[in-house]
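Visitor:
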Amino acid sequence: MVALPLGKLLYLGIKQVSRPVSNWLRLTAKRSPFVRKYICIPPAQAFHRLEVFVKLRLMGSSVHTEVQPLKEERAVEIGADMLGEFFLYSIAASYILYEYFRSMRKDKLKQDSQDSNIVSLQKGMATLGTQLEQLRCRLEAMEKTKKTPSTTKS
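This is the structure we're talking about:
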């Protein structure tokens, strides 16, 4: 009987739920003044500066120019999108970490089981070795008694 991949089904459910949550975060980010000012705009402006810097370097410009900041609405939009994408990627990363640690735990249990089997086999071999040695000693004693001439009275 095949086991249901419950973890994968759970991830699929979380993925389906996280998209609307991501959209809700985007809307909240666009509406809330605190989120706009402190969470959306600063990363969006930093991303914009980095993007312009990289583009200028790729075009071969070595002149340092002042990058004009994005307009507030555009920065909020980019920041809200970044927040939503961060949420989605954090869900995916947490699932990957969960699967990794679950796999590690499963491997450790398997390794522990193999180690205990090896230990029990080694104990069994030691017991058999001891028994073999005892039998060998008894056999030698029997052979010695057989070789010694017995004195019989006639």
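Its first residue numbered -17, the sequence shown is counted upward by one per residue in this note's numbering. C-beta: ideal position from N, C-alpha, C; glycine also.
Just tell me which of 33, 118, -3 and 27 has its CA closest to the CA of residue 71.
Guide: Comparing Cα positions, the closest option is -3.
Visitor: Go ahead and label residue 28 buried or exposed: buried means 16 or more other beta carbons lie within 10 angstroms of its beta carbon, across all protein chains shown.
Guide: With fewer than 16 Cβ atoms within 10 Å of its Cβ, residue 28 is classed as exposed.
Visitor: Can you find at least 3 beta carbon pairs, one from the stretch 46 to 54 and one from the stretch 86 to 106, that sit closer than 8 angstroms?
Guide: The answer is no - the stretch 86 to 106 does not touch the stretch 46 to 54, with fewer than three Cβ pairs under 8 angstroms.
Visitor: Out of curiosity, what's the CA-to-CA distance linking residue 30 and residue 38?
Guide: Cα-Cα distance, rounded: 12 angstroms.
Visitor: What's the C-alpha gap between residue 117 and residue 110?
Guide: Approximately 10 angstroms, taken between the alpha carbons.
Visitor: Residue 148: buried (16+ other C-beta within 10 angstroms of its C-beta) or exposed?
Guide: The structure shown does not extend to residue 148, since the chain is modelled only from -17 to 136, so the question has no answer here.
Visitor: Does the distance from the CB of residue 18 to the CB of residue 26 come in under 8 angstroms?
Guide: The answer is no: Cβ separation not under 8 angstroms.
Visitor: Along the chain, where does the alpha helix (DSSP H) that runs through residue 52 open and close?
Guide: Element bounds for residue 52: n/a, residue is neither H nor E.
Visitor: Does at least one heavy atom of the ligand SAM sit under 7 angstroms from the Cβ of residue -13?
Guide: No copy of the ligand SAM appears in this structure; indeed no ligand is present at all.
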